[in-house]
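S.K.:
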Amino acid sequence: KDEKKFSDKINIASTSGSSRISHSKEAIKASFLDSLFYGIGRVPALATPNDRYTALALTIRDRIFQQFILTTESISKQDARAVAYLSAEYLPGPHLANNLLNLEITAQTREAMEELGIELDDLIAIEEEPGLGNGGLGRLASCYLDSLATLGIPAIAYGIRYEFGIFDQVIKDGWQVELTDKWLHYGNPWEVVRPEIAYEVKFGGRTEHGADSNGKFQVTWVPGSEVKGTAYDTPILGYKGNGAVLRLWRAEAIESFDFAAFNLGDYYRAVEAKMLSENITKVLYPNDQAQGGKELRLKQQYFFVTCSLQDIIRLHLIQGRNLERLHEKFAIQLNDTHPAIAIAELMRLLVDVHQLDWAKAWHITQNCFAYTNHTLLPEALEKWSIPLFEKVLPRHLEIIYEINHRFLEEIRHQHSYNNAQIAGMSIIDESGERYIRMAHLATIGSHSVNGVSAMHSELLKKEVLHDFAGLWPDKFCNVTNGITPRRFLYLSNTPLAELISSYIGNGWITDLDQLRKLEPYADDVSFQNSWMEIKLNNKQHLAALLQKQTGIEIDPAMLFDIQAKRIHEYKRQHLKVLHILSVYLRLKKGELINFSPSAFIFAGKAAPGYIMAKLLIKLINSVADLVNQDTEVNDKMKVVFMPDFNVKNAQNLYPAADLSEQISMAGMEASGTGNMKFSLNGALTIGTLDGANVEIRQEVGEDNFFLFGLSVEQVQANKTAGYQPYDIYQQNQHLREVLDFIVSGALSQGDTQLFRPLYENLLYQDPFMLLADYQSYIDCQEQVHELWREPKEWARKSILNVARMGKFSSDRSIRDYSDLIWKVTPINKK
Ligand code: B1H
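Residue numbers (UniProt numbering): 2 to 831.
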């Protein structure tokens, strides 16, 4: 009753109006001091840099909440349909500078700080980013959240608040060493804990089937253990105004659960239970693309999924709505199969807990969920062994069996599928040890399945989900990935953004297609000069950073040739190494007269257990040592491995690249998004016809893209014909020299064994067909250098690349999802 009175008395629009929390320099200064004094209880004389950073973050957070409250009001007034995005990973990047940009208060904040004797950039620099993801998939989720907020689509993104995110990478003696991530060490001023938004999560135990006291058939799950998930909210501000929320769950012990142990005086057992509970959200699994069927990982997935679904149902019911209309109010997107257990869990919540009948529950479930696939790699397709799954989620196993049974009956009787087809489509893989195929569960339980680039979506239908695409052709669609132009152009390359705006206005920031207006200036000499001058400045900035990080000096006038992404054999960092060694050996022999001085820059983390990837890092650093110390060549080439690739470091790489390396074996990279980030910053791409490269090339024009290598069809034909890398090795003398050099000991103080596994793998297996593409790559690199000798032509193509990147805005991706899959529209905020 009191609450009702309270809410009646407050008019949100007038209360949180701009007169209350102004964006003026004076107001920011005053709020900053308030935050310092009353938010964290510090006086200026004793304030550490982190205190100053925290005070500013709190100052900005107030202003975000102000926008936020307005968005929330509009959403609930309009009873709008909302998106719930379920992802096990997010990589938001540092918040401070991005929030300033989105609030459009960077300039006055800088001045306010200056007047207090504080350098804004120093505060921006000390922020530890939340590394709650491995790579592209997690960053994509964050780009999408940025676009959802910017477009004003009601959205809530659910995930896991890992206490330790992706490890920090340092390089010792050329090897990757992993350090634990300390992102929460100094607190996190951007999040707000919501202790009252918490849900119970059960694990293990058994199920009981029988009639309840009213004689109604009822399944009861008697769990073996229970934990609690508590919500931690981070407001995500879109450009100029709207907000979305990132709600991350943290596992905590349920105080009452081990009450028995407490009463027996077994204090330690009770505390141990608490510790074990909290383990669930301790650490992110650092294995991009391959999971080992770990029990804790399954618990993480179920934990965040059930908290999120319970929250969605609560939000639905507090609006006074009927549960049977859940799918009308929520579109739930599964970011890969990591949250796919949601399909069985929503069925459990609807049938067991809320007592809906199965058919109704299934209708709601199928109409709520949509599934995005991000990979065709067999080792990344999630499957859970039945015994493990049953141990952790006994009730869900029963539900999955029921879903599967009904599905298989349907295809057997209504579609007359034969036994082989049925076995191939079953959720249960029974070809050996029995497994649950999560991609099948996700496909059957969703109304939409999409891939992340045109090519990947086609391959998905042709290969991994072939029979399902035959059964339900309308369920399948494509949404090509995108990136946010706010963070990846405006924020990280502000000088270029400002140059662009001074020619075509700033409409491109929220309508990236407007970059097309740059095309007429591609031949304009003065525009080209300004363009290349900015690039040079960015390269100077990166060179200084690399010098600080690695001690290696590079000349900003060199061609900056960059490959930055997860280290993986399919991405073929070693193909780049072969090229570098080929350049080195030819320079040493006095060949390659026309070679333009180049800096070869790598960045990327390897999964800690991926031995070949770690050996690749060692190889790159060994090549760097050799080349950088060889005075015969080191005015013409340098090699640098930038340590600890993360969003913050990436923001320094993309703006400084001349050439972007996108050289995966065709058919392997689902989309790639680094390719888009480089190109949007004016790098030209050298790449294969893989993932979104295909569409990038289409957009920017064949003449403005360096294409090499086998097509998917050729890769497949090669495989069928019995690919023999050794023959290529034998036939290509130059390639032979390069490969033999790797095991000559020249890179490893005489040790001929160190790189042998890599060498032999290439000669005798070469699963990613480096040797097949080698010559074509080397030849293509010659074309790159030819063009580099024509600075005006290079500048022209660089400008055209940027001008034609409109399609790759995550705003476009989110509009596609909204129209094709979610059927949601932006709220109109008054
Ligand atoms: C992508 C993953 C991935 N695809 C398993 N799959 C993971 C798989 O922790 N795990 O278990 C983590 C990540 N990541 C990437 O997604 C693709 O390789 C890229 O091509 C694509 O651009 C990106 C976003 O769609």
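We treat Cβ as the ideally placed atom computed from N, Cα and C, and that holds for glycine. Computed from a prediction, not measured in an experiment: that's the story for all the values here.
Exposed or buried, residue 831, counting other C-beta atoms within 10 Å across all chains shown (16 or more means buried)?
M.R.: Reliability of the predicted coordinates at residue 831 is poor, the pLDDT of 45 falling under 50, and the value obtained from them is presented with this limitation in mind. The residue is exposed, with fewer than 16 neighbouring Cβ atoms inside 10 Å.
S.K.: State the Cα-Cα distance for the pair residue 689 and residue 136, rounded to the nearest angstrom.
M.R.: So the two alpha carbons sit approximately 20 Å from each other.
S.K.: Helix, strand or coil: how does DSSP classify residue 233 here?
M.R.: Here residue 233 sits in strand by DSSP.
S.K.: Since residue 265 is in the beta strand (DSSP E), which residue starts that stretch and which ends it?
M.R.: Taken as a continuous stretch (DSSP letters only), residue 265 belongs to no beta strand (DSSP E), as it is neither H nor E.
S.K.: On the three-state DSSP scale, how would you describe residue 182?
M.R.: Here residue 182 sits in coil by DSSP.
S.K.: Put residue 544 into one of helix, strand or coil per three-state DSSP.
M.R.: The answer is helix: DSSP assigns residue 544 an H, G or I state.
S.K.: What does the alpha-carbon distance come out to for the pair residue 525 and residue 701?
M.R.: For residue 525 and residue 701, the distance between alpha carbons rounds to 18 Å.
S.K.: Run through the stretch 14-79 for me and flag every whole alpha helix (DSSP H) of 4 or more residues, listed as ranges in chain order.
M.R.: The qualifying runs are 26-35 and 50-79.
S.K.: At 4 residues or longer, what runs of the alpha helix (DSSP H) sit wholly inside the stretch 633-718?
M.R.: Taking only runs of at least 4 residues, the alpha helix (DSSP H) segments lying wholly in the stretch 633-718 are 648-654, 675-681 and 694-701.
S.K.: Using the Cα positions of residue 299 and residue 710, report the straight-line distance between them to the nearest angstrom.
M.R.: One C-alpha to the other measures close to 39 Å.
S.K.: Is residue 674 near ligand 1, with its Cβ less than 7 Å from a heavy atom?
M.R.: Flag set: Cβ of residue 674 near ligand 1.
S.K.: In whole angstroms, what is the alpha-carbon distance linking residue 335 and residue 87?
M.R.: Residue 335 and residue 87: Cα-Cα distance of roughly 5 Å.
S.K.: Should residue 580 go down as buried or exposed, given a rule of 16 or more other Cβ atoms within 10 Å for buried?
M.R.: Its Cβ being crowded by 16 or more others within 10 Å, residue 580 is buried.
S.K.: Taking 7 Å as the cut-off, is the CB of residue 292 close to at least one heavy atom of ligand 1?
M.R.: Result yes, Cβ under 7 Å from ligand 1.
S.K.: Please report how far the alpha carbon of residue 479 lies from the alpha carbon of residue 461, in whole angstroms.
M.R.: Cα to Cα, residue 479 sits roughly 10 Å from residue 461.
S.K.: Just how far apart, CA to CA, sit residue 458 and residue 809?
M.R.: If you take the alpha carbons of residue 458 and residue 809, they lie about 16 Å apart.
S.K.: Could you tell me which residues DSSP puts in a beta bridge with residue 202?
M.R.: 228.
S.K.: Given the structure, does residue 286 come close to ligand 1, in the sense that its CB is under 7 Å from one of the ligand's heavy atoms?
M.R.: Result yes, Cβ under 7 Å from ligand 1.
S.K.: Below 8 Å, how does it come out for the stretch 445-453 and the stretch 494-514: are there three or more Cβ pairs, yes or no?
M.R.: Output reads no: the stretch 494-514 does not touch the stretch 445-453.
S.K.: Could you compute how far the alpha carbon of residue 373 sits from the alpha carbon of residue 333?
M.R.: Each residue's alpha carbon lies about 11 Å from the other.
S.K.: Is it true that the stretch 190-208 meets the stretch 136-149, where meeting means three or more beta-carbon pairs spaced less than 8 Å apart?
M.R.: The stretch 190-208 vs the stretch 136-149: no contact.
S.K.: Tell me whether the beta-carbon of residue 416 lies closer than 8 Å to the beta-carbon of residue 426.
M.R.: No.
S.K.: Assign residue 93 to one of two classes, buried (16 or more other C-beta atoms within 10 Å of its C-beta) or exposed (fewer than that).
M.R.: So residue 93 counts as buried.
S.K.: Using the C-alpha atoms, what's the distance from residue 539 back to residue 794?
M.R.: Residue 794 and residue 539: Cα-Cα distance of roughly 20 Å.
S.K.: By the three-class DSSP mapping on this structure, what secondary structure does residue 84 have?
M.R.: Looking at residue 84 - three-state DSSP - the assignment turns out to be strand.
S.K.: Per DSSP, what kind of secondary structure is residue 209 in: helix, strand or coil?
M.R.: Residue 209 falls in the strand class under three-state DSSP.
S.K.: Where does residue 532 fall in DSSP's three states?
M.R.: Residue state, collapsed to three classes: helix.
S.K.: Quick check: residue 190 and residue 59, are their CB atoms within less than 8 Å of each other?
M.R.: Cβ atoms of residue 190 and residue 59: closer than 8 Å.
S.K.: Of the residues 184, 391, 762 and 796, which one's Cα is nearest the Cα of residue 96?
M.R.: Out of 184, 391, 762 and 796, 184 has the C-alpha closest to the C-alpha of residue 96.
S.K.: What is the DSSP secondary structure of residue 459, reduced to helix, strand or coil?
M.R.: If DSSP states are grouped into helix, strand and coil, residue 459 belongs with the helices.
S.K.: Taking the CB atoms as reference points, tell me whether residue 256 and residue 393 lie closer together than 8 Å.
M.R.: Their beta carbons are not under 8 Å apart, which means residue 256 does not touch residue 393 by this criterion.
S.K.: Regarding residue 289 and ligand 1, is the C-beta to nearest heavy atom distance less than 7 Å?
M.R.: It does: the Cβ of residue 289 is within 7 Å (strictly closer) of some heavy atom of ligand 1.
S.K.: CB-CB under 8 Å to residue 283, same chain, minus the five flanking residues each way: which ones, in chain order?
M.R.: Cβ within range, chain order: 163, 164 and 165.
S.K.: Is the closest heavy atom of ligand 1 to the C-beta of residue 692 under 7 Å?
M.R.: Yes, ligand 1 has a heavy atom inside 7 Å of this Cβ.
S.K.: With burial defined as no fewer than 16 other Cβ atoms inside 10 Å of the residue's Cβ, what is the status of residue 721: buried or exposed?
M.R.: Exposed is the call here.
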